[in-house]
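Residue numbers (this note's numbering): 6 to 488.
Backbone N, C-alpha and C define an ideal beta-carbon position, used for all residues, glycine too.
The block underneath contains the structure these notes are about, expressed in structure tokens.
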Amino acid sequence: MISKSFLKSSLIFTLGGALPMLGSIILLPFYTNYLNEIQFAQVSFYIGISLLFQILFSYSVESYFGIEFSRLHQDPSKQKKFIGTIAALLLIIGVFILLFSSVFGSSIFSRIYNTQYDMHFWPYGFYAVLTAFFNSYFKAASISLIYLKQAKLFLIVNIINFLATLFISVGGLTLFPETIIGPMYGRLISGIIIFLMGHYIFKLNGIFTFDKSFLKDLNKFCAPYFLFAISAWVLGQFDRYILQKHIPTVDLNAYDLVLKCFFGIEFLQNSLSAVIFPKLYEIWSKNKENSTTKESNRYFNVFTAINIIQLILFCIFIPLIYKLIINKPGFYRAEVYIGILSAGYALRSILNFYLSTILYSKKVGILLKIFGFSALFQIAITTIAIKHFGLMGAIYASLCTKILQVIFSVIFTKNVFVYHYNYFKIIAIPFIYLIINVLQFTFMPQYNGLLYVAQLILFPGIFYFIFKNEIAAVYRQFFVKKA
6 MISKSFLKSS LIFTLGGALP MLGSIILLPF YTNYLNEIQF AQVSFYIGIS LLFQILFSYS
66 VESYFGIEFS RLHQDPSKQK KFIGTIAALL LIIGVFILLF SSVFGSSIFS RIYNTQYDMH
126 FWPYGFYAVL TAFFNSYFKA ASISLIYLKQ AKLFLIVNII NFLATLFISV GGLTLFPETI
186 IGPMYGRLIS GIIIFLMGHY IFKLNGIFTF DKSFLKDLNK FCAPYFLFAI SAWVLGQFDR
246 YILQKHIPTV DLNAYDLVLK CFFGIEFLQN SLSAVIFPKL YEIWSKNKEN STTKESNRYF
306 NVFTAINIIQ LILFCIFIPL IYKLIINKPG FYRAEVYIGI LSAGYALRSI LNFYLSTILY
366 SKKVGILLKI FGFSALFQIA ITTIAIKHFG LMGAIYASLC TKILQVIFSV IFTKNVFVYH
426 YNYFKIIAIP FIYLIINVLQ FTFMPQYNGL LYVAQLILFP GIFYFIFKNE IAAVYRQFFV
486 KKA
């Protein structure tokens with residue numbers, strides 16, 4: 006039975022982990038209202054650089070940390086050495102990348118960015134890279150707090166990060182309007198603060214050393230996972246770098262803004278996965294064989310229902326929220342694309358179905374194949390499609406890539422698990438939602454909220470008749486007290 010203390014600490018870790026994303030979403034209307042078109046695009050590109058370099062600086066050690074730390078649970082002294090080695094490794098990687106970027110950053114920038122955006126490595130590009138280093142160091146330190154079961158400290162340091170970023174950014178936008186001083190220094194100064202907190206966490210809980218005995222197993226896990234993380238960045242960011250040369254800035258900004266709003270959807274999807282994956286692993290572990298069951302499948306049926314309903318609600322309310330908090334009408338044009346973009350996010354339930362089996366069987370290499378090949382496909386098709394069709398080329402290229410991810414998942418996991426499932430429930434329903442939104446965009450391209458209200462009536466009706474047994478079972482599992 007799940008204890009109250011476990012639920013309490015899980016809630017604290019979830020809330021603390023959500024704060025950086027929440028801060029990014031809260032800052033969006035300030036960026037749209039205080040920055041002009043070019044400055045908004047600059048901030049978006051600099052944030053994209055930070056996200057990429059955070060992957061480079063971290064080498065995905067935060068994903069590996071819990072595996073090795075848990076394995077060493079009977080040797081606390083070695084756990085401390087492991088924590089210290091992780092901190093030292095991150096500092097070594099950080100110094101190397103910072104030196105490299107300082108030498109080659111300017112020449113790289115001049116080749117990547119369109120001159121109209123006035124993107125320069127010095128100083129703001131370097132600030133973006135430096136911020137990424139601070140964030141990666143802090144993220145690894147904060148992850149260690151989860152396994153050290155220090156929930157309150159985890160929440161406190163994340164609240165400090167959240168408030169520092171928010172107040173410095175908004176203060177800078179207010180004091181220095183029509184400049185990117187606020188957004189850039191808000192992220193940089195808060196980065197310095199969290200770096201110091203991260204170093205304190207490492208020193209408090211670890212012994213600073215560099216034990217090479219940890220590196221072999223670390224590299225075995227982190228190298229493919231690192232490439233997977235790079236692939237994920239390409240899938241999420243690459244199209245903006247091609248679009249900058251082919252569409253007006255106002256269209257690029259509107260598209261970028263609506264994609265950032267989808268961060269909220271991704272967070273909800275990830276949170277739901279975090280709730281159901283442990284239960285799936287428990288079911289499969291009891292069965293003692295790598296095979297899906299009716300019991301495990303029902304969790305994905307519920308995931309599908311919740312995911313599609315939240316996407317419909319997103320399509321209804323985001324355009325209304327835009328008009329309440331954003332005072333520049335140029336951003337409103339993004340509402341036209343919201344339905345077709347949400348279509349791709351419906352496939353997440355299928356991807357998670359296969360992702361759970363990949364993670365359970367510890368086949369990280371398959372994860373790299375799926376996302377690595379998808380990233381290569383997206384680079385090729387996006388480059389071609391944007392040149393011929395502009396923004397619509399990017400949107401349809403992204404949708405095709407998400408469909409390809411599903412196909413790759415089916416192909417590459419044949420030897421991972423034995424899959425028994427209802428094809429209509431797991432595969433067909435997300436694709437029905439996708440097809441409806443594609444047809445709706447094709448024949449009625451202008452945004453019409455009533456069409457999404459009609460979807461809100463249609464899909465819950467479908468789910469009631471098809472998933473009522475699954476929904477009832479999952480409800481009893483999590484919310485009905487056992488005798």
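Taking C-alpha atoms, which residue in the options lies nearest to residue i?
i: T447; options: L223, F468, I345, F436; result: I345
i: L56; options: M202, I43, V239, I467; result: V239
i: N312; options: I97, E340, S354; result: S354
i: I330; options: F215, D80, F35, M26; result: F35
i: I43; options: T406, F322, Y438, E183; result: E183
i: I173; options: Y190, I437, R338, N474; result: Y190
i: G398; options: K85, L444, I247, G21; result: I247
i: L193; options: Y39, V421, E340, F131; result: F131
i: S106; options: S75, V134, S379; result: V134
i: S147; options: S414, F159, Y205, K154; result: F159
i: I434; options: T309, Q315, Y350, Y342; result: T309
Am I right that residue i and residue j are in contact with their C-beta atoms under 8 Å? What's the rounded C-beta distance?
i: A385; j: Y401; result: Not confirmed; about 14 Å, so no contact.
i: Y452; j: P253; result: 19 Å between Cβ atoms; not a contact.
i: S65; j: Y286; result: So it is not a contact: roughly 21 Å between Cβ atoms.
i: Q460; j: I317; result: 5 Å
i: L262; j: T37; result: 7 Å
i: F50; j: F139; result: Actually they do not touch by this definition, with Cβ atoms about 19 Å apart.
i: T418; j: I363; result: 6 Å
i: S236; j: F376; result: 4 Å
i: I151; j: M202; result: Incorrect: roughly 15 Å between the Cβ atoms, too far for contact.
If you reduce the DSSP assignment to three classes, tell me which class residue i lands in.
i: S361; result: helix
i: P34; result: helix
i: F11; result: For F11, the predicted structure reports a pLDDT of 48, less than 50, and the residue's modelled location is therefore unreliable. A value from the coordinates is still provided. F11: helix per DSSP, three-state reduction.
i: Y452; result: coil
i: T254; result: helix
i: E183; result: coil
i: K217; result: helix
i: L373; result: helix
i: L24; result: helix
i: S276; result: helix
i: S366; result: coil
i: A351; result: coil
i: H125; result: coil
The alpha helix (DSSP H) with residue i in it runs from where to where?
i: I323; result: 299–330
i: Y132; result: 131–152
i: D222; result: 220–248
i: R84; result: It is worth fixing the name first, because residue 84 is Gln in this sequence and not Arg. Unbroken alpha helix (DSSP H) run through Q84: 81–117.
i: G177; result: 156–180
i: H204; result: 186–210
i: M397; result: 396–417
i: A521; result: The structure shown does not extend to residue 521, since the chain is modelled only from 6 to 488, so the question has no answer here.
i: S63; result: 42–63
i: I431; result: No alpha helix (DSSP H) holds I431; DSSP gives it neither H nor E.
i: Y69; result: 66–76
Going by the DSSP bridge assignment, what does residue i pair with across the sheet?
i: V423; result: S296
With a threshold of 8 Å between beta carbons, is residue i in contact with chain D?
i: I440; result: Absence of chain D from the displayed structure is noted, only one protein chain being present.
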